[in-house]
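There are 2 protein chains.
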Amino acid sequence: MESTRRLTPRRDPQQQRSKDRIQLILEVTARLMDEVGFDDLTTILIAKEAGMSVGTLYHYFPNKHSILRAIARNWLDHWDQVILEINALPIETMEMEEVVNILIDTFARVYQKQKGILHLVRAMFAIPELKDLDERHDEFIIANMANILPQIGINKSLTDRKYIARTYLEMTHALLLVACQQRGTRARQTLEDTRELVYCLFLRHL
Amino acid sequence: MESTRRLTPRRDPQQQRSKDRIQLILEVTARLMDEVGFDDLTTILIAKEAGMSVGTLYHYFPNKHSILRAIARNWLDHWDQVILEINALPIETMEMEEVVNILIDTFARVYQKQKGILHLVRAMFAIPELKDLDERHDEFIIANMANILPQIGINKSLTDRKYIARTYLEMTHALLLVACQQRGTRARQTLEDTRELVYCLFLRHL
DNA sequence: ACCTGAACACCGTTCAAGT
DNA sequence: ACCTGAACACCGTTCAAGT
Chain G
77 MESTRRLTPR RDPQQQRSKD RIQLILEVTA RLMDEVGFDD LTTILIAKEA
127 GMSVGTLYHY FPNKHSILRA IARNWLDHWD QVILEINALP IETMEMEEVV
177 NILIDTFARV YQKQKGILHL VRAMFAIPEL KDLDERHDEF IIANMANILP
227 QIGINKSLTD RKYIARTYLE MTHALLLVAC QQRGTRARQT LEDTRELVYC
277 LFLRHL
Chain H
77 MESTRRLTPR RDPQQQRSKD RIQLILEVTA RLMDEVGFDD LTTILIAKEA
127 GMSVGTLYHY FPNKHSILRA IARNWLDHWD QVILEINALP IETMEMEEVV
177 NILIDTFARV YQKQKGILHL VRAMFAIPEL KDLDERHDEF IIANMANILP
227 QIGINKSLTD RKYIARTYLE MTHALLLVAC QQRGTRARQT LEDTRELVYC
277 LFLRHL
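In order, the protein sequence lines correspond to chains G and H.
Numbering (my numbering) for the first sequence: 77 to 282.
Numbering (my numbering) for the second sequence: 77 to 282.
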C-alpha cells in the first residue's frame with residue numbers, strides 16, 4: 077500500500093443503509109455536476125446536499141475523485157456488458173451493414189443513457205486518477221472489437237485489428253458525444269454519418 | 077467589469093524585458109505541464125522555475141488559468157492562420173482528393189507542432205474558463221470549412237455545410253490526437269485512415 | 001458503531017513593505 | 001517603478017470528541 081492513495085470505497089457496504097447512502101452520494105454528485113459545474117463541486121457541498129457531514133462522506137469514499145470514479149465505473153461497466161452481449165451474437169451470419177447498425181445503435185444508447193455524460197467524460201479526461209479506468213475500458217472494448225472484426229470479414233493480424241478497433245473507438249466516441257449535444261434530426265443525421273464512416277473504415281480494411 | 081475575472085494579461089507589455097518575461101512564463105509552464113503533470117502545476121512552482129516570485133508572476137497574468145489560456149491562444153491562432161491560408165488557395169481548380177490531402181497534412185502539422193499538445197487539449201477541455209476560446213476557434217474553423225465545401229462540389233445550405241464541417245472537425249480532432257500518440261508507420265496509417273474517412277464524409281454529402 | 005465538524009495542510013491570490 | 005513573500009481565503013482531508 078504505502079503512499080498510494082485508495083480510490084475504491086473504504087470498505088464494502090454490509091448493510092442496506094450503507095448501500096443506500098453510497099447510492100445517494102453518487103446520485104447527488106451526478107446531479108450537482110450538472111447543476112453547479114465541475115469546479116464548484118466541493119465535498120462539503122456534496123455532503124450537505126446528501127444530508128450528512130463531510131466526515132461521513134469520507135467514511136464511504138476515501139477522497140473526492142473516488143466518487144467520480146464510482147460514477148465512471150458504473151457507466152463503463154454497463155458499456156462493457158453491452159459489448160459482451162454484442163460479441164455473443166451470431167455475427168458471422170450477419171451482413172456487415174447489420175453489424176454496424178447494431179454497434180452504433182447500441183453505443184449511442186449507452187451514451188444517451190448516462191446523465192451528465194459530457195461532464196463525466198470531461199472528468200475522465202481531466203483527472204489523472206481516472207485515466208487507468210478509461211484505459212482499461214478502452215482495451216476491453218478494443219479486444220472485443222478485435223474479436224468481432226474477423227467475423228465481418230476483416231482477417232488481419234491481431235495487432236492490425238486492434239489498431240482498427242482503436243480508430244473505430246476514437247471516431248465513434250467523438251461523434252457520439254457530438255450527437256449527445258444535438259437534438260432530433262441533427263442528432264439522427266450525426267448517427268447516420270457515424271454509421272456510414274464506420275462502414276467506410278471497415279470496408280477499407282477488408 | 078464587476079465580478080468577472082480577468083483572463084487576459086494585466087496590461088500590454090511595453091518593454092522588451094516584460095515581453096521576454098511573459099514568453100519565459102509561457103515556455104516554463106508548457107515545459108512543466110509535461111514534466112510534473114497538470115495537477116502538480118502550481119503557480120509558486122512556475123514562478124520559481126521562471127526565477128521570479130509569485131507576486132511578479134501575478135503582475136503579468138491575473139490568474140493561473142490565464143497562463144494556460146495564453147498558451148492555448150498561441151496554438152489556436154496558428155491554426156486559424158493556417159486555415160485562412162488554405163481558404164486562399166484556388167480550391168475550385170483542384171481535385172477533391174488533393175484538397176483533402178492538403179487539409180489533413182496541414183492539420184496534422186498543426187497538432188505535431190505544439191509541445192505537450194495532449195495536456196493542452198486536456199486543459200482546454202477541463203477548464204471552463206478556456207471553453208469560450210475553444211468554441212470561438214471551432215466556429216472559425218467551421219465557418220472557413222463551410223466556405224471551402226462548395227468549392228469541392230458540396231452545394232448544400234450554409235447550415236448543412238456547417239453541420240458537415242463540425243463532423244469533419246470532431247472526427248479529425250479525435251484521430252489526429254491518436255496519431256500524435258503513435259509513431260512511425262502506425263501514425264502514418266492513422267493519417268491515411270483519417271484522409272480516407274474525410275474523403276468518405278465529403279463524398280457522402282456531395 | 002457511527003457520525004460530527006473544527007482543525008490542518010495546501011494552493012491560488014493579494015497587498016503592504018522593500019529596493 | 002518594480003519586485004517580494006508573508007498572509008489570507010478556500011477546499012480537500014483528518015481525527016478527537018460526541019451520541
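C-beta: ideal position from N, C-alpha, C; glycine also.
Just so it is clear, the structure is predicted and the values come from calculations on it, not from any experiment.
On a CA-only basis, which of the options is nearest residue i? Give me that one, please.
| i | options | result |
| --- | --- | --- |
| G/L165 | G/T119, G/R107, G/T118 and G/I178 | G/I178 |
| G/Q257 | H/E246, H/V158 and H/M221 | H/E246 |
| G/L282 | G/G260, G/K232 and G/N150 | G/K232 |
| H/K189 | H/D269, H/H154, H/L121 and H/R149 | H/H154 |
| H/V186 | H/T248, H/M128 and H/T118 | H/T248 |
| H/L144 | H/Q92, H/L273 and H/K207 | H/K207 |
| G/P226 | G/Q92, G/F278, G/L117 and G/Q91 | G/F278 |
| G/S94 | G/M128, G/I120 and G/L121 | G/M128 |
In chain order, what residues of the same chain lie with their CB nearer than 8 angstroms to the CB of residue i, ignoring the 5 residues before and after it?
| i | result |
| --- | --- |
| H/L152 | L209, D210 and H213 |
| G/R271 | V176, N177 and I180 |
| H/L160 | N220 |
| H/A126 | R97, L100, I101, V104 and L133 |
| G/I230 | R237, I240, F278, H281 and L282 |
| H/D269 | L251 |
| G/R242 | D214 and I218 |
| H/V130 | T119, I120 and A123 |
By Cβ distance below 7 angstroms, which residues in the same chain neighbour residue i in space, the five residues on each side in sequence not counted?
| i | result |
| --- | --- |
| G/P204 | none |
| G/L234 | A222 |
| H/Q91 | none |
| H/R264 | none |
| G/G260 | none |
| H/M77 | Its pLDDT being 29, under 50, H/M77 is placed unreliably in this model, and the value from its coordinates should be taken loosely. The answer is none, since no qualifying residue turns up. |
Indicate whether residue i and residue j have their beta-carbon atoms separated by less than 8 angstroms.
| i | j | result |
| --- | --- | --- |
| H/Y275 | H/E171 | no |
| G/T266 | G/A255 | yes |
| H/Y244 | G/R262 | no |
| G/I218 | G/I167 | no |
| H/V158 | H/T132 | no |
| H/A148 | H/L102 | no |
| H/N163 | H/I224 | yes |
| H/K191 | H/A123 | no |
| H/M199 | H/L252 | Note on identity: in this sequence residue 199 of chain H is Ala, with Met being the wrong assignment. Contact flag unset, no. |
| H/L117 | G/L273 | no |
| H/F114 | G/F201 | no |
Tell me which same chain residues have a C-beta within less than 6 angstroms of the C-beta of residue i, skipping the five on either side of it?
| i | result |
| --- | --- |
| H/H141 | I203 and E205 |
| G/D156 | F216 |
| H/R82 | Its pLDDT being 49, under 50, H/R82 is placed unreliably by the model, and nothing is read from it. |
| G/T169 | none |
Review point. In chain order, which continuous runs of the alpha helix (DSSP H) of length 4 or greater are located wholly inside the region 82–134 of chain G?
Key: 92–111 and 119–125
Review point. When the Cβ atoms of the region 91–110 of chain G are set against those of the region 188–204 of chain G, are three or more pairs found closer than 8 angstroms?
Key: In short, these stretches touch, since the Cβ pair count reaches three.
Check your understanding: Is there contact between the region 134–145 of chain G and the region 96–107 of chain G, where contact requires at least three CB pairs shorter than 8 angstroms?
Key -> yes
Check your understanding: Can you give, in chain order, each stretch of the beta strand (DSSP E) that sits fully within the region 191–215 of chain G and has at least 3 residues?
Key -> none
**Study point:** Start-end ranges of the alpha helix (DSSP H) lying completely within the region 138–168 of chain H, minimum 4 residues
**Key:** 140–163
Review point. Which ranges would you report for the alpha helix (DSSP H) in the region 236–281 of chain G if only whole runs of at least 4 residues count?
Key: 260–280
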